Amino acid sequence: MAVTVRVPGPLRRLTAGAPEVQIEGATVAEALRNLDGRFPGFADRLYEPDGQLKQFVNVYRNDEDVRFASGLETALEDGDDLSIVPAVAGGR
Amino acid sequence: MSHLPPRVRALRCRACGTEVPVGPVHVCEQCFGPLEVAYDYAVVARTATRAAIEAGPMSMWRYHMLLPYEDPAPPVTLGEGMTPLVHAPRLGEVLGLRHLYIKNDSLNPTNSFKDRVVSVATSWARARGFQVLGCASTGNLANAVAAYAARAGLRGLVVIPDDLEPNKVAPTAVFAPELVRVHGTYDEVNRLCSELADSQPWGFCNINLRPFYSEGSKTLTFETVEQLGWRLPDEIIIPVASGSQFVKHHKAIEELVDLGLVPDGPRPRLTGAQALGCSPVARAFASGSDHIVPVREPRTIAKSLAIGNPSDGADVVRLARASGGVVVAVEEEQILEGMELLARAEGIFTETAGGVTVAVLKQLAEAGRWTGDETVVAYITGHGLKTVDSLSGRTELAEPIPPSLRAFRRAYPELVNPDASPWRASTG
Chain A
1 MAVTVRVPGP LRRLTAGAPE VQIEGATVAE ALRNLDGRFP GFADRLYEPD GQLKQFVNVY
61 RNDEDVRFAS GLETALEDGD DLSIVPAVAG GR
Chain B
93 MSHLPPRVRA LRCRACGTEV PVGPVHVCEQ CFGPLEVAYD YAVVARTATR AAIEAGPMSM
153 WRYHMLLPYE DPAPPVTLGE GMTPLVHAPR LGEVLGLRHL YIKNDSLNPT NSFKDRVVSV
213 ATSWARARGF QVLGCASTGN LANAVAAYAA RAGLRGLVVI PDDLEPNKVA PTAVFAPELV
273 RVHGTYDEVN RLCSELADSQ PWGFCNINLR PFYSEGSKTL TFETVEQLGW RLPDEIIIPV
333 ASGSQFVKHH KAIEELVDLG LVPDGPRPRL TGAQALGCSP VARAFASGSD HIVPVREPRT
393 IAKSLAIGNP SDGADVVRLA RASGGVVVAV EEEQILEGME LLARAEGIFT ETAGGVTVAV
453 LKQLAEAGRW TGDETVVAYI TGHGLKTVDS LSGRTELAEP IPPSLRAFRR AYPELVNPDA
513 SPWRASTG
């Protein structure tokens with residue numbers, strides 16, 4: 001499965017400025033593992049030491065927050081977009 | 093004040109403490125935590141005195157020394173802040189609180205507390221050369237951003253879900269911002285704006301301008317303490333959406349103590365108010381953890397509080413607990429009753445979010461939380477005209493009568509009955 005990972009501004013230093021990168025992976029966890037393999041540093045930024053996503057990290061498969069699907073085990077399909085988006089505060 | 097060194101030292105991550113230079117960024121590169129303004133308090137302390145504040149303008153800008161705007165040009169202001177803090181004796185009697193106060197922040201230029209935060213964000217953005225001032229919003233924030241963009245001569249960009257009713261859009265459209273309608277929910281619109289802020293040179297108030305924007309919330313608490321005679325209240329009831337302002341009220345209290353503007357002593361209990369239809373923070377509080385489980389589809393009339401994924405929620409839970417406060421949620425009917433109670437007891441018409449605050453106050457009072465001697469302040473952050481639709485059908489209108497005394501007497505015998513004392517009392 002090749003998916004497009006959209007990289008947020010604060011993490012583009014890790015991808016030499018690229019806002020999007022193509023990554024292989026059958027699940028969200030696998031794609032993020034492969035992302036860290038190609039651009040070391042992502043895992044540190046995204047995960048707590050216990051392997052959970054950090055409090056302020058949101059990951060979307062296409063338009064869905066993966067926490068509303070199967071979390072890190074959410075399955076990916078070819079051509080999916082995987083967006084990493086920092087939590088947004090400040091009300092409506 | 094140009095002889096003073098800058099008081100804004102850096103932006104600092106609230107979660108991990110990493111510092112970065114001041115700029116339009118809001119997320120820590122290390123941990124994604126929220127960046128906050130870090131001041132050089134030695135510089136702040138040279139100007140932040142009671143005398144200097146009291147001599148300042150009758151707006152929140154009397155606290156400029158505790159805000160992150162240092163440009164020589166005047167800030168972008170519509171006179172926001174210094175809203176009334178009113179003693180609420182009749183509501184207090186109902187609730188058994190002799191020293192209950194309402195901070196009526198609905199009396200701001202666009203009728204919500206958002207004017208405070210947007211005034212700071214707009215001032216900072218204009219001084220930094222931004223041409224576009226944006227936000228994702230469905231209500232109060234949209235109103236404020238559209239108005240302050242007009243005031244500053246900037247292009248306003250307000251991104252909204254497409255299913256908003258026209259009468260919700262009109263109070264924003266009148267300022268003629270670029271109104272972008274998106275097929276999607278509020279949370280999806282917010283996410284789009286987050287990605288736009290990453291790719292366009294635009295200032296989004298609640299995204300890349302957030303460190304500056306959110307500091308404006310502190311002034312609500314500064315003013316409350318000043319209006320109480322430089323005294324900390326015993327408890328503050330605060331509506332919770334993202335949790336941003338709750339966290340800033342805590343910061344404001346610590347700054348007041350650290351700067352010697354109030355004596356060191358017991359801090360107010362900070363209590364949060366949510367609607368049950370979107371209560372991720374209250375649920376985390378009740379569960380004993382600080383892990384926020386997001387709400388996918390908020391369902392409440394308190395739309396200005398309906399953030400399913402509140403980024404400062406965990407900090408709200410921690411600060412509420414540490415201060416001795418609680419985070420409580422109330423039913424829809426309680427919200428409407430809260431609006432009516434405040435209106436009928438004190439003559440203050442608040443939006444649904446204010447109904448949430450009053451309902452939480454009432455629920456806690458009935459549960460015996462207070463002895464009656466505590467000083468309790470409720471933050472009322474938006475005007476009732478914002479959500480007037482929520483009250484439709486609440487009051488049945490009487491049939492009209494002909495304009496004659498005879499018809500009046502026939503239609504309203506109880507009002508002219510000599511035994512109905514309130515209507516017969518003479519004013520002399």
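Residue numbers (our numbering), protein chains in the order written: chain A, 1 to 92; chain B, 93 to 520. For every residue, glycine included, the Cβ atom is placed at its ideal position computed from N, Cα and C. Fair warning: this is a prediction, and the values are worked out from it, not measured in the lab.
{"Asked": "Grab me the residues of SER94 of chain B's own chain with a C-beta within less than 6 Å of its C-beta, minus the 5 sequence neighbours each way, in chain order.", "Found": "With a pLDDT of 49 at SER94 of chain B, under the threshold of 50, the modelled position of that residue is not reliable, and the figure given next carries that caveat. Excluding residues within five positions, none has a Cβ falling inside 6 Å."}
{"Asked": "For CYS120 of chain B, I'd like the list of residues in its chain whose CB is within less than 7 Å of its CB, leaving aside the five on either flank, ordered along the chain.", "Found": "CYS105, ALA107, CYS108, THR110 and LEU127"}
{"Asked": "Does VAL28 of chain A have its Cβ less than 8 Å from a Cβ in chain B?", "Found": "no"}
{"Asked": "I'd like the list of long-range same chain contacts for MET1 of chain A, defined as Cβ closer than 7 Å, with 5 residues on each side in sequence excluded.", "Found": "GLU24, GLY25, ALA26, LEU76, GLU77 and ASP78"}
{"Asked": "Determine which residues of the segment 354-386 of chain B have a Cβ less than 7 Å from any Cβ of chain A, and write them out in chain order.", "Found": "PRO386"}
{"Asked": "Considering only C-alpha positions, which residue in the set B:VAL349, B:GLY447, B:GLY335 and B:GLU438 is nearest to VAL50 of chain B?", "Found": "Only positions 93 to 520 of chain B appear in the structure, and residue 50 of chain B is not among them; the question remains open."}
{"Asked": "Just to confirm the assignment: which complete beta strand (DSSP E) runs, minimum length 3, are found wholly within the segment 316-361 of chain B?", "Found": "327-331"}
{"Asked": "Looking at VAL3 of chain A: is its Cβ nearer than 8 Å to the Cβ of PHE124 of chain B?", "Found": "no"}
{"Asked": "Quick one: using the 10 Å Cβ neighbour count with 16 as the cut-off for buried, is ARG375 of chain B buried or exposed?", "Found": "buried"}
{"Asked": "Is the CB of ARG388 of chain B under 8 Å away from at least one CB in chain A?", "Found": "yes"}
{"Asked": "Give me, in chain order, the residues of the same chain whose beta-carbon lies closer than 6 Å to that of ALA213 of chain B; leave out the 5 immediate sequence neighbours on both sides.", "Found": "CYS297, LEU301, PHE304 and TYR305"}
{"Asked": "Indicate whether at least one CB of chain A lies closer than 8 Å to the CB of GLY125 of chain B.", "Found": "yes"}
{"Asked": "Quick one: which chain B residues come within Cβ less than 8 Å of ARG45 of chain A?", "Found": "GLU121, GLN122, CYS123 and PHE124"}
{"Asked": "Taking 7 Å as the cut-off, is the C-beta of LEU411 of chain B nearer than that to any heavy atom in the ligand FAD?", "Found": "The ligand FAD is not part of this structure, which contains no ligands at all."}
{"Asked": "Comparing C-alpha positions only, which one of A:GLY41, A:PHE68 and A:ALA18 sits nearest to GLU389 of chain B?", "Found": "A:PHE68"}
{"Asked": "Going by Cα to Cα distance, which pick from A:GLY37, A:PRO40, A:ARG38 and A:ARG45 is closest to ILE84 of chain A?", "Found": "A:ARG45"}
{"Asked": "Alpha helix (DSSP H) containing LYS260 of chain B: first to last residue?", "Found": "258-265"}
{"Asked": "Looking at chain A, is there any beta carbon in it that lies within less than 8 Å of the beta carbon of ASN401 of chain B?", "Found": "yes"}
{"Asked": "Taking the CB atoms as reference points, tell me whether ALA31 of chain A and VAL7 of chain A lie closer together than 8 Å.", "Found": "no"}
{"Asked": "Counting only Cβ-Cβ distances shorter than 8 Å, please list the residues of the segment 48-78 of chain A near chain B, keeping chain order.", "Found": "LYS54, GLN55, PHE56, VAL57, ASN58, TYR60, ASP63, ASP65, ARG67 and PHE68"}
{"Asked": "Buried or exposed: where does MET157 of chain B fall if 16 or more other Cβ atoms within 10 Å of its Cβ makes it buried?", "Found": "buried"}
{"Asked": "Which of helix, strand or coil does DSSP assign to SER94 of chain B?", "Found": "In this prediction, SER94 of chain B has a pLDDT of 49, which is less than 50 and means its spatial position is unreliable; nothing more can be read from the coordinates."}
{"Asked": "Skipping 5 residues on each side, what residues in its chain have a beta carbon closer than 7 Å to that of TYR155 of chain B?", "Found": "ILE145, THR311 and PHE314"}
{"Asked": "How would you call LEU187 of chain B, buried or exposed, if buried means at least 16 neighbouring beta carbons within 10 angstroms?", "Found": "buried"}
{"Asked": "Among the candidates B:THR479, B:ASP382, B:ALA459 and B:GLN319, whose CA atom is the shortest distance from the CA of GLU413 of chain B?", "Found": "Correcting the residue identity first, residue 413 of chain B is Arg in this sequence and not Glu. Answer by Cα proximity: B:ASP382."}
{"Asked": "Does the beta-carbon distance from THR442 of chain B to GLY476 of chain B come in below 8 Å?", "Found": "yes"}
{"Asked": "Mind pulling the chain B residues with CB within less than 9 Å of PRO40 of chain A?", "Found": "Simply none; closest approach about 15 Å."}
{"Asked": "Between which two residues does the beta strand (DSSP E) harbouring ILE194 of chain B extend?", "Found": "191-196"}
{"Asked": "Please report the residue range of the beta strand (DSSP E) in which SER83 of chain A lies.", "Found": "81-86"}
{"Asked": "Straight-line CA distance for GLY352 of chain B to VAL21 of chain A?", "Found": "52 Å"}
{"Asked": "By DSSP, does GLY520 of chain B sit in helix, in strand, or in coil?", "Found": "With a pLDDT of only 48 at GLY520 of chain B, under 50, the local geometry of the prediction cannot be trusted, and the value read off the model is given with reservation. Residue state, collapsed to three classes: coil."}
{"Asked": "Could you round the C-beta distance between ALA394 of chain B and THR316 of chain B to whole angstroms and report it? I think they count as a contact, below 8 Å.", "Found": "That pair is no contact at about 22 Å."}
{"Asked": "Determine, for ASP254 of chain B, whether the minimum Cβ-Cβ distance to residues of chain A falls below 8 Å.", "Found": "no"}
{"Asked": "Mind listing, in chain order, the continuous alpha helix (DSSP H) runs of no fewer than 4 residues lying wholly within the segment 25-52 of chain A?", "Found": "28-38 and 42-46"}
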